[in-house]
Structures are given as C-alpha cells and as structure tokens.
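**Student:**
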Amino acid sequence: MLAAASAPSVVIDLALLPGFDALPAFEESAPTFAENAAGKALHYSRHRDGLVFADDSGLVVPALGGAPGVHSARYAGLQATNSQRIEKLLGEMRNKTGSERAAYFVCAIALAERGRAMAIVTGRVDGEILEAPRGSGGFGYDPVFYFPALEKTFAELPAEEKNQRSHRGKAVRKLLAALSSML
C-alpha cells in the first residue's frame, strides 16, 4: 500500500499480479529503461484487469559506453551473483580515474491499463564508482555506488535514507504524483 505524498488522502493498494508466473514472459530487449518498463507494463496489462505498473532500472557508466545499462542484471551473465557483477564492473573500471568514474542509477516506471500506456516516469541519481565495495546493505551495485552528498555508498545508507535519495524512490514519488493527478 502506498500513500501519495502530494495527496495524503489517496491510498493505493499494491499487489503482485495473481498468477503472474503463469503469464507469458516478456523479453526485455529495448535499448532504454523507459522502453523496457513500458513494454512490460503494456504486455502484462493485456493479461490482467486494472492498472499495471512495471519498472526497469540499472546502473549507467558513461566511461563504459553506458554499460551496464539496460543489461545491469545480466551484465556478468544470466546466472551471475551481485558479487560477480560488481567484480566485472570493477575490472572494467580498473584504469578509470576522476570523472571517468562517474555513474548514475536510472529507474523507469511505466503504468498501463488494458494495453494502453497511462504514464512513464523516471528517476535518476548521480554518483561515482568506488575502487572497492563498502557497506553491507542494499543490493546490486549499491556497495560500489558512492553518493558524494553523503560521503557514503548506497550500501552504507539506512534503507529509509536510501529510498529518499535513490533513483527508484524518485521515480515512485513521480508515479504517485501522476496517479494523484489521474484520480
């Protein structure tokens, strides 16, 4: 359940799609986070009644040509662990210094109903890639994503603080504002 910050009287119940595992899979093959999120939301909304939202998120490192990008989850292979993805990233960043270590997280969330796109929002947070992991919280690339404003990695931040600043938190707040304006 989410409550819209811009309209505290608006409460939204969230649930996984019933029978989600039995639905035809959606292959993320678009070149952007927004297109992948929209594709998933549209695909699944054709199989279920009501509003459906889907996200696509990842890490972008301009010095690596935008990698891992939309391939963030499978950057080191389909079965790779978070540690293996981080290891691959750090290996590719080994000779990068200064501004070459700049990176950002992106989250795109799309909302659809009955095969019709209703909204697409994005959130972004800028940081840099450290030379070694720090912290034990979070997931994915959080241990190497350094957030200069707080002088910590996302893995070192308490969940509530991370959610206030993260790409996903920003996108969710934009989605709530969009939903509030639709209701």
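Position one of the sequence shown corresponds to residue 12 (the working numbering), numbered consecutively onward.
Glycine included, every Cβ here is placed at the ideal spot set by N, Cα and C.
What three-state label does DSSP hand M49 in the structure shown?
**Tutor:** At residue 49 the sequence reads Ala, which differs from the Met that was named. Correct three-state label for A49: helix.
**Student:** State buried or exposed for L89, treating a residue as buried only when at least 16 other CB atoms are found within 10 Å of its CB.
**Tutor:** Counting Cβ neighbours within 10 Å, L89 comes out exposed, since fewer than 16 surround it.
**Student:** Whose C-beta lies closer than 6 Å to the C-beta of G146 among residues of the same chain, with five residues either side of it excluded?
**Tutor:** P154, T164, A166 and E167
**Student:** Of the residues A114, R176 and P144, which one's Cα is nearest the Cα of K74?
**Tutor:** In the sequence as displayed, the identity of residue 74 is Ala instead of Lys. The option with the nearest alpha carbon to A74 is A114.
**Student:** For S20, count the other beta carbons within 10 Å of its own beta carbon; 16 or more makes it buried, fewer makes it exposed. Which is it?
**Tutor:** Confidence at S20 is low in this model, with a pLDDT of 43, below 50, so the placement of that residue should be treated as unreliable; the coordinate-derived value is given next. By the 10 Å Cβ count, S20 comes out exposed.
**Student:** Assign M193 to one of two classes, buried (16 or more other C-beta atoms within 10 Å of its C-beta) or exposed (fewer than that).
**Tutor:** Exposed.
**Student:** Just list the beta strand (DSSP E) runs in the stretch 81-167, keeping only unbroken ones of 3 residues or longer that don't cross its boundaries, in chain order.
**Tutor:** The stretch 81-167 contains these whole beta strand (DSSP E) runs: 113-124, 127-140 and 156-158.
**Student:** Does the separation of the CB atoms of K51 and F37 fall below 7 Å?
**Tutor:** yes
**Student:** Do the stretch 184-191 and the stretch 104-113 make contact, defined as three or more Cβ pairs closer than 8 Å?
**Tutor:** no
**Student:** Just to confirm my understanding: we take A16, look at its own chain, exclude 5 residues before and 5 after, and list those with CB closer than 7 Å. What are they?
**Tutor:** Note that A16 scores a pLDDT of 38, beneath 50, so its modelled location is shaky; the value from the coordinates is reported in the next line. Within the same chain, A16 has close Cβ partners R184 and L187.
**Student:** Just to confirm, are I131 and A49 a CB contact at a threshold of 7 Å?
**Tutor:** Cβ distance < 7 Å, so I131 and A49 count as in contact.
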